[in-house]
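So the structure is just underneath, and the comments pick up after that.
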Amino acid sequence: NAGVMQNPRHLVRRRGQEARLRCSPMKGHSHVYWYRQLPEEGLKFMVYLQKENIIDESGMPKERFSAEFPKEGPSILRIQQVVRGDSAAYFCASSPLGTEEKLFFGSGTQLSVL
Amino acid sequence: KQEVTQIPAALSVPEGENLVLNCSFTDSAIYNLQWFRQDPGKGLTSLLLIQSSQREQTSGRLNASLDKSSGRSTLYIAASQPGDSATYLCAVWGGYQKVTFGTGTKLQVIP
Numbered sequence: 515n516a517g518v519m520q521n522p523r524h525l526v527r528r529r530g531q532e533a534r535l536r537c538s539p540m541k542g543h544s545h546v547y548w549y550r551q552l553p554e555e556g557l558k559f560m561v562y563l564q565k566e567n568i569i570d571e572s573g574m575p576k577e578r579f580s581a582e583f584p585k586e587g588p589s590i591l592r593i594q595q596v597v598r599g600d601s602a603a604y605f606c607a608s609s610p611l612g613t614e615e616k617l618f619f620g621s622g623t624q625l626s627v628l
Numbered sequence: 010k011q012e013v014t015q016i017p018a019a020l021s022v023p024e025g026e027n028l029v030l031n032c033s034f035t036d037s038a039i040y041n042l043q044w045f046r047q048d049p050g051k052g053l054t055s056l057l058l059i060q061s062s063q064r065e066q067t068s069g070r071l072n073a074s075l076d077k078s079s080g081r082s083t084l085y086i087a088a089s090q091p092g093d094s095a096t097y098l099c100a101v102w103g104g105y106q107k108v109t110f111g112t113g114t115k116l117q118v119i120p
């Protein structure tokens with residue numbers, strides 16, 4: 515049973531480009547969380563999704579950021595028109611439905627905006 | 010709004026010492042509390058999960074306790090080793106599957 519898979523591991527974008535970060539949860543998990551971590555800072559919640567639904571996006575910037583978790587395929591965190599301040603590590607975590615509230619993390623995507 | 014604080018922010022100890030990391034949360038209506046470690050440039054690894062009905066969990070040299078009424082959890086590490094050097098994070102589960110992370114404690118164990 516593979517763990518939470520995130521790709522790419524590293525992503526370099528120029529200002530104004532789009533960044534797409536992918537997260538495949540563990541098998542059988544239908545809850546996905548996205549977190550952002552700036553250098554020397556803690557994890558900041560961004561969004562919580564279940565299949566085809568955004569449950570809580572209170573931590574997501576109102577502009578340029580969007581997330582989805584389709585019925586089939588990975589969860590996608592999309593950042594449009596990236597700026598230097600978007601440079602950070604983005605972590606995805608998954609949790610099983612209703613059986614045990616426990617988070618399993620991926621290795622993260624390091625986004626660098628030039 | 011749930012706020013989670015970890016003290017100290019950084020800790021440096023000689024190898025072999027026993028140590029305690031602290032986690033405080035403002036809203037005691039939690040379901041679970043989970044401790045993680047994070048190595049530089051890596052993701053988070055789950056260490057221990059304490060359900061709200063439990064008071065402690067143990068795994069090897071690690072022991073985590075939970076006191077919901079006072080809004081506190083502690084992570085006890087026995088006989089620390091250089092390999093324990095990492096950042097330790099606690100996370101609390103509130104209603105609607107909301108998970109809030111603490112600020113972290115950066116631990117360095119000196120050989």
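Protein sequence lines, in the order shown, are assigned to chains A and B.
Heads up: the first sequence begins at 515 in the numbering used here, then just goes up one per residue.
Heads up: the second sequence begins at 10 in the numbering used here, then just goes up one per residue.
Positions of the beta carbon are idealized from the N, C-alpha and C atoms, including for glycine.
Neighbourhood of Gln43 (chain B) in chain A, by CB distance below 7 angstroms: Lys616 and Leu617, in chain order.
The C-beta of Gln106 (chain B) comes closer than 8 angstroms to at least one C-beta of chain A. Among the residues facing chain B, Leu591 (chain A) is not included, as its CB has no counterpart in that chain under 8 angstroms away. Chain order gives the chain B residues near Phe605 (chain A) as Gly52 and Leu53, where near means a beta carbon separation below 9 angstroms. Around the C-beta of Gly111 (chain B), 16 or more other C-beta atoms lie within 10 Å, and the residue is accordingly described as buried. Listed along chain A, the residues sitting closer than 9 angstroms to Ala100 (chain B) by beta-carbon distance are Leu557 and Leu617.
Taking a C-beta distance under 8 angstroms as the contact criterion, Thr114 (chain B) and Gln11 (chain B) do not qualify as a contact pair. In the DSSP assignment, Ser21 (chain B) is bridged to B:Gln117. With respect to chain B, the C-beta atom of Ser538 (chain A) has no partner C-beta closer than 8 angstroms.
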